[in-house]
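Sequence order for the protein chains is A and B. Numbers given in the working numbering equal positions in the first sequence, counted from 1, plus 666. Numbers given in the working numbering equal positions in the second sequence, counted from 1, plus 3. The beta-carbon is built from N, C-alpha and C at its ideal position, and this holds for glycine as well.
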Amino acid sequence: MPISVGRYEQLIQDLRAEVRPQREWIERQGLLLIVGHFLSGVAAGTWLFSLIFDFQAGLTVAYCIAALSGAAHLGFLGRPRRFWKMWHARSSWIARGFIGLTLFLTGGFLYLPPLLLPVAPWSSSSLIAQAGYFLALAGTILLLFYKGFVYASSKGVPFWTSPILPALYLAYALRGGVATLLVIFSLNGIGLDLWELGLLELWIGISAAVMILFYLGVMSGSNPIEQYSVRELLRGRASVSFYVGTLFIGLFIPIAIGLVGLGTPLSLAAVATVGLASVIGDFFVKYSIAKAGIYRSLRSPAHWDGGLTAQARK
Amino acid sequence: MRWGMVIDLKRCIGCYGCQLSCKAEHGTPPGVFFARVLKQEEGRYPTVRQLFLPVLCFHCAEPPCVDVCPTEASFKWPDGIVDIDAEKCVGCRACMMACPYTQRYYHDEERYYFPNNGPTPYERARSERHESGVVMKCNFCRDRVGAGKEPACVANCPTLARYFGDLDDPTSEVSRLIKERGGYTLHPELGTGPSVYYLPP
């Protein structure tokens, strides 16, 4: 049996610490969850905008990304063979995400073949394809929304329990979709209206930047654990990924190139750079926020004696 | 019927008896502590005092860990005990993120106290019930309670700092202590309704 002495020592050190960082959703296997969340958002966004812009290549790519996202989620689970038990959607956002992914993959499987294959068993106007269209659309909507709520319902990590987070993750999923279309477009240069897409990318990018600032502003004025998480993000163990991945690559580069693109036409390489940078930023915003997560503390003086110590200090 | 616990912080001397008896009862792997004692020092020499806060699963009336579980592996018994059905758990660890008291542990791999020698016969006998790849937590020693005994941490507390009983029964000792001595819970602002109360020192 593998023995991870280092991990044991880390756990003991965390249990003794004043503040305990969450590691289960970011380190080792946990990284696969972040990858899964990132990919599912990109897949849903890509599918949605491919439908809007009637872009078949985008639909295919979205489907493949969603399948990869499913694989990443399975890789994260401690008992992946039991994945089919995750149907308790009455109150669990993880179950809703699982249902969303199932609907999406099933719907896509029914909707895509007539569009892609010259000889498909059913036509794109058939009932099967139409059912697939609506199943995939329902799955897309669930995938766009569920991630933010998974984090927001995590009462153990105060930094995540904010109503801003679902909105932020929705914005990033949409942006990831637009960015993926930009990357696909840059590969062949046909099939899409670059001006519309670029403007959309710029608008969502600026909105995401504003939302991040708002989120950090609200959190830095909250309780000490949330403030600690903000410090982790700005000056602690999540700062490199936040500054480099989220802010510089994910926001500064795409917004700067996007603003230049408002005045002059962009080359395909610049379009690809905007797309790739946005997608990378999408990953790192999830990574950074997960990494800055700190568990709610039981070490507040008020807990130890029902507030007597705190009163005595006054 | 709602099982609950009262911990008298005036009596607790931080001996770790609860932690050790829990380990002995459940045979939990290294790094997993269903019952723990947090210590804190207050003041400056020569007026220093040491405070102890024993913690365990709080068996909330409105458990957030149950709400977020995608498989219903985390559930609440009719008597108020919050438990995990290990055979349903997929190891997504959402319950760990949802628990405001950080009282859940992910058993990621088999681990023994003497890594170079493998499991001792005692560990083998005690730990075979614990699956890996799932989340673990205190269940108020449900087997013992079903057999009419107190949880191990209550039965083995040398200073009798722990009381166990029915919170719904106003005549029970736990209800009386909470009422008479001003029992309080941790993080009441979250509305989870913990079943573990503390009596101030």
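Does DSSP classify V785 (chain A) as helix, strand or coil? coil
For L917 (chain A) and A956 (chain A), which I take to be in contact (beta-carbon distance under 8 angstroms), what is that distance rounded to the nearest angstrom? About 18 angstroms separates the two Cβ atoms, so there is no contact after all.
3-residue-minimum beta strand (DSSP E) runs that sit fully inside the stretch 24 to 48 of chain B, ordered along the chain: With a minimum length of 3 residues, the continuous beta strand (DSSP E) runs that stay inside the stretch 24 to 48 of chain B are 39 to 47.
Between the CA atoms of R14 (chain B) and R96 (chain B) - distance to the nearest angstrom: 35 angstroms
Taking buried to mean at least 16 other C-beta atoms within 10 Å of its own C-beta, is K42 (chain B) buried or exposed? Residue burial annotation: K42 (chain B) is exposed, with fewer than 16 other C-beta atoms found within 10 angstroms of its C-beta.
Uninterrupted alpha helix (DSSP H) stretches inside the stretch 136 to 189 of chain B (no shorter than 4 residues): 145 to 149, 155 to 158 and 176 to 184
Between R965 (chain A) and chain B, is there a C-beta pair that is closer than 8 angstroms? yes
G911 (chain A), DSSP secondary structure in three states: helix
Give a yes or no on whether the minimum CB-CB distance between V991 (chain A) and chain B is below 8 angstroms. In the structure as shown, chain A starts at 667 and stops at 980, and residue 991 (chain A) therefore has no counterpart that could be examined.
Note down, in chain order, each residue of its chain lying with its Cβ closer than 8 angstroms to the Cβ of E44 (chain B), except the 5 sequence neighbours on either side. V51, R52, Q53 and L54
Beta strand (DSSP E) segments (min. 3 residues) lying fully within the stretch 74 to 145 of chain B: 77 to 79, 85 to 87, 108 to 110 and 137 to 139
Beta-carbon spacing of H190 (chain B), R962 (chain A) below 8 angstroms: yes
Could you check whether the Cβ of K751 (chain A) sits closer than 8 angstroms to any Cβ belonging to chain B? yes
Out of curiosity, what's the CA-to-CA distance linking V138 (chain B) and G168 (chain B)? Spanning the two alpha carbons is a distance of roughly 26 angstroms.
Out of A:V940, A:S907, A:V945 and A:Q722, which has the shortest C-alpha to C-alpha gap to L783 (chain A)? A:Q722
L831 (chain A) and Y817 (chain A) - do their beta-carbons sit closer together than 8 angstroms? yes
Can you give the Cα-Cα distance for F742 (chain A) and P931 (chain A), rounded to whole angstroms? Each residue's Cα considered, the two are about 43 angstroms apart.
Looking at chain A, is there any beta carbon in it that lies within less than 8 angstroms of the beta carbon of P49 (chain B)? With 8 angstroms as the cut-off, P49 (chain B) does not count as an interface residue toward chain A.
Applying the 10 Å Cβ sphere with the 16-neighbour rule, what's the burial state of G121 (chain B)? It counts as exposed.
At a CB-CB cut-off below 7 angstroms, which residues of chain B make contact with E690 (chain A)? R96, M99 and Y109
Hey, could you find the ends of the alpha helix (DSSP H) T712 (chain A) is sitting in? G696 to I718
So, does the CB of F764 (chain A) fall closer than 8 angstroms to a CB anywhere in chain B? Chain B contact via Cβ: present.
Quick one: what's got a C-beta closer than 6 angstroms to P779 (chain A)'s C-beta in the same chain, skipping five residues either side? A786
Where K140 (chain B) meets chain A, residues with beta-carbon distance less than 8 angstroms: Those within 8 angstroms of K140 (chain B) in chain A number zero; the least Cβ separation is about 13 angstroms.
Three-state secondary structure assigned by DSSP to T195 (chain B): coil
Test: S873 (chain A) CB closer than 8 angstroms to a CB of chain B: no
For L847 (chain A) versus T712 (chain A), is the C-beta distance shorter than 8 angstroms? Cβ distance < 8 angstroms, so L847 (chain A) and T712 (chain A) count as in contact.
Would you say D70 (chain B) faces chain A, with C-beta separation under 8 angstroms as the test? yes
Between I891 (chain A) and chain B, is the shortest Cβ-Cβ distance under 8 angstroms, so that the two count as touching? no
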